[in-house]
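Numbering (the numbering used here), first residue to last: 1 to 473.
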C-alpha cells in the first residue's frame, strides 16, 4: 500500500534529472577539414544547468513555479525575453491540476503526464510567438443618451428612442486574437519542478532555445555525425541516469555524455501499483513507453501552431436613474505540435524501471528513450546489412521456385507423354494377342454334372465293415 501524503509544500527540482548540457566545441570526424563549432548562450545555459545539477540539493520553495524562477535568478539568467548577449531565449511556464490526494488518485500520473505536455506546448508557443505572431485586435465603445439641442429633431428622437428602448447607455467590447505557426527544432527543457500543495499539483519548467541547439537537432535529423566536446565531469548516459532521479523526469530533454554524443531524450511515467491487475499494469507501461517515444520526437522537432483569442464585454444599463454595470470575458486557445512521416533510426531504450515518487507516496514506472547521431548511423548500417541479406534470400527463393517448377514440369511431362502412352498400349495389345491365339481350339471350360441331377446306379463288389483287429482269441 502507498504511504500517506503529508500536507506540506513539496517542490522538487529536476535539474539533476532533466537538465541537458550542450557543447561549445563541436567537431565532426577527423575526415572533415574544418571543425564545426557550435557556441552560443543556449549552449552555455544547458551546460551550466547540467554542471550545477551534480551537487545540488532539492529545494522547497512555495511551489514549483517559484522554484524554477528562483533557480534562474540565482544563476542570473534572463528569462521570458531574448538575451542578445547570450543569443538565447528561456521561457518559464507552469501547469496545474486539482488533486486532493495524489496517493489516492488513480490517474494522477496520467494527469501529470498531460500537464507536462501542456507546459511544453505553452513554452514552445511562447518561443514561436516571439519569432512571429499575427495579431487581430479591436476595442469598441458605444454610448447613447444625453441632451443634444444642435442635432435635428428626428435624429434626437431616434437616439432617445433607442436609448429608452434598450435602456443601455454604454456598451464596450475588447478583443484580441494571436496566431503563430512555425517549425521548431532543438527546444530544450533545462529545469523542471513538481509541487503539491493545498490540493494543487503543479508542473513548472524552463525551456531554452538558441541557434546552436537548433543546429544540433538538425544534425541528428540529417544524418550528420557530429561530436561535441564534453565537460571533464561528464558521464555516460547510463551512469548519469543511475545517479539521477528519474521519478521527476518528464517531457523532452537532452544530455551530452562523456563520449561527446548528444542524446535527445523523451521521458514518461505511470503508476506502478502492485495492487493493479497484471494486464492493466502492462498496458499502462506500454502507454508510458509510447508517450516517451513521442516526447523523444518532440525533443528534436515539432511543427508548432498556436491560436489564442480573448474577448471582454461591459454593459451598463440605466433603470430609474440608477446604473448597473455587468461584465463578461472569455477566451479560447489551441496549441499543437505535430510531426508526420519522420524517419528515425537508432531509437534506444535507456531506462525502464520502477522508482519511488514521494508526492504520490508509491512507486512509478519510468520509461526513457534516447537517440543520437552515432546510434542513428549504426542503425543505418544495420538496416543496409539486413536488406542486403533479404535481397540474397529473395534470389535464393527465386532459384528454389525455378527448381520446384522444373520438378513439377518433369512430373507433368512424364504423366502426359503420348509416346509413353502408345508404347504401353502397344505392348499390352501384343500380350493380349499371344494369349488369345494360344487358346484357340481348346475347350477352356468342362461341363460338370450336378450331383443332385445324377440317377442312382448299383456297383458290384465285396465290402466289409471295419479294420482287421489283429487278434487270435
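Glycine included, every Cβ here is placed at the ideal spot set by N, Cα and C.
Presumed contact (8 Å Cβ cut-off) between residue i and residue j, rounded CB distance
i	j	result
residue 210	residue 265	Between residue 265 and residue 210 the Cβ distance is about 18 Å, and since that is not below 8 Å, they are no contact.
residue 177	residue 309	5 Å
residue 292	residue 365	Their Cβ separation, rounded to whole angstroms, is 11 Å, which puts residue 292 and residue 365 out of contact at 8 Å.
residue 94	residue 202	6 Å
residue 325	residue 342	Incorrect: roughly 53 Å between the Cβ atoms, too far for contact.
residue 102	residue 361	7 Å
residue 116	residue 251	5 Å
residue 142	residue 171	5 Å
residue 367	residue 288	5 Å
9 Å Cβ cutoff met for residue i and residue j
i	j	result
residue 380	residue 223	yes
residue 119	residue 205	yes
residue 301	residue 185	yes
residue 195	residue 67	yes
residue 294	residue 121	no
residue 133	residue 262	no
residue 190	residue 304	no
residue 376	residue 131	no
residue 290	residue 284	no
residue 168	residue 318	yes
residue 217	residue 228	no
Residue i burial status per 10 Å Cβ neighbour count (16 or more: buried)
i	result
residue 421	exposed
residue 74	exposed
residue 55	Low per-residue confidence applies at residue 55: pLDDT is 45, beneath 50, and the placement is therefore not dependable enough to give any value.
residue 90	buried
residue 327	exposed
residue 226	buried
residue 129	buried
residue 475	Because the chain here runs from 1 to 473, residue 475 falls outside it and cannot be looked at.
residue 65	buried
residue 199	exposed
residue 297	buried
residue 192	buried
residue 77	buried
residue 404	exposed
residue 63	buried
residue 253	buried
residue 34	Confidence in residue 34 is poor, its pLDDT being 38 and thus under 50, which makes the residue's placement unreliable; the coordinate value appears in the next sentence. Exposed is the call here.
residue 96	buried
residue 334	exposed
residue 397	exposed
residue 88	buried
residue 85	exposed
residue 331	exposed
residue 124	buried
Interface flag, residue i vs chain B, CB-CB below 9 Å
i	result
residue 228	Here there is only one protein chain, and chain B is not present.
Is the stretch 100 to 118 touching the stretch 261 to 279, taking contact as three or more C-beta pairs under 8 Å? Segments in contact, yes.
Entirely enclosed beta strand (DSSP E) segments - the stretch 339 to 416, minimum 3 residues: 348 to 357 and 362 to 371
Do the stretch 234 to 251 and the stretch 353 to 360 touch if we need at least three Cβ pairs shorter than 8 Å? yes
Counting pairs of beta carbons, one from the stretch 251 to 262 and one from the stretch 232 to 239, are three or more of them closer than 8 Å? With the cut-off at 8 Å, the stretch 251 to 262 and the stretch 232 to 239 touch.
Three or more C-beta pairs under 8 Å: does that hold for the stretch 168 to 176 against the stretch 308 to 328? yes
Pick out the complete alpha helix (DSSP H) segments inside the stretch 224 to 283, 4 residues or longer, and give them in chain order. 237 to 243
Which runs of the beta strand (DSSP E) fall wholly inside the stretch 160 to 214 and span at least 3 residues, in chain order? 170 to 185, 188 to 197 and 200 to 209
Give the list of continuous beta strand (DSSP E) stretches no shorter than 3 residues that lie fully inside the stretch 80 to 107. 81 to 83 and 88 to 98
My parser needs the beta strand (DSSP E) runs of 3 or more residues fully inside the stretch 292 to 340; what are they? 301 to 319 and 322 to 338
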